[in-house]
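Working notes for the structure below.
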Amino acid sequence: MIDQKKVKAIRAKAHANENMSGCSQAVIAALQEGLNIGDAQSLKAATAFAGGMARRGESCGALVGALMALGLEEGRDKLEDLPKLQSTVADGYVLSNEFMRRLENEWTLKNPLPSTLCRDIQLALYGRSWNLADAAQRTDFIKSGGHGDEGCLKVCGIAAEVAAEMILRKREG
81 MIDQKKVKAI RAKAHANENM SGCSQAVIAA LQEGLNIGDA QSLKAATAFA GGMARRGESC
141 GALVGALMAL GLEEGRDKLE DLPKLQSTVA DGYVLSNEFM RRLENEWTLK NPLPSTLCRD
201 IQLALYGRSW NLADAAQRTD FIKSGGHGDE GCLKVCGIAA EVAAEMILRK REG
């Protein structure tokens with residue numbers, strides 16, 4: 081039985097970390113601290129993924145941070161290890177689907193998310209998306225609640241929670 085208190089603490093930490101405006105780092109830092117994985121280099125590697133891949137609105141940075149943690153926990157360390165590649169990618173698929181399901185449930189979305197793209201998540205949550213590379217649009221996104229408790233902070237918490245649960249279940253065997 082996984083430690084739900086630990087999972088909730090990791091979720092809360094990722095939520096709080098996102099106040100520093102770096103979704104992928106918010107998630108990986110919470111998982112590193114809570115599960116004792118990764119290091120300063122993995123945190124540093126997560127830097128440019130904020131805002132959907134360098135503010136491009138592409139893959140959700142929070143999910144990228146969660147997938148990075150999964151890779152740190154169970155990923156291959158030799159390119160020749162194809163079975164480890166296959167199993168980790170399969171687990172990443174499951175993690176991604178659960179992340180989407182939780183976003184849909186926690187916001188009681190009427191329609192399923194079409195993808196894990198940052199811009200699609202924004203559209204589902206706010207009815208529109210922003211070009212986060214544009215300073216004026218980024219400011220509007222923030223004013224619209226994008227970095228509020230019901231915005232990216234919550235998305236980060238959910239990503240960290242889903243990853244923590246998966247990693248802890250795998251550790252239990």
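Residues in the sequence shown are numbered consecutively from 81, following our numbering.
No residue lacks a Cβ here, since even glycine has one placed at the ideal position from N, Cα and C.
A straight-line Cα-Cα distance of about 10 Å links Met148 and Gln112.
If you look at Gly237, you'll find it in the alpha helix (DSSP H) that goes Cys232 to Glu252. About 5 Å separates the Cβ atoms of Gly225 and Gly231, confirming a contact at the 8 Å cut-off. Closest option to Ala110, judged by alpha-carbon separation, among Gln121, Ser101 and Ala96: Ala96. Collapsing the DSSP output to three states places Leu162 in a helix.
For Gly131, there is no enclosing alpha helix (DSSP H), as DSSP gives it neither H nor E.
Between Gly132 and Gly207, the alpha-carbon positions lie close to 17 Å from each other.
Under the DSSP definition of a beta bridge, Leu197 partners with Ser139.
Under the 10 Å beta carbon count, Val174 is surrounded by fewer than 16 other beta carbons and is classified as exposed. Per DSSP, reduced to three states, the secondary structure at Ile108 is helical. Taken through DSSP and simplified to helix, strand or coil, Leu203 comes out as helix. The three-state secondary structure of Lys86, taken from DSSP, is helix.
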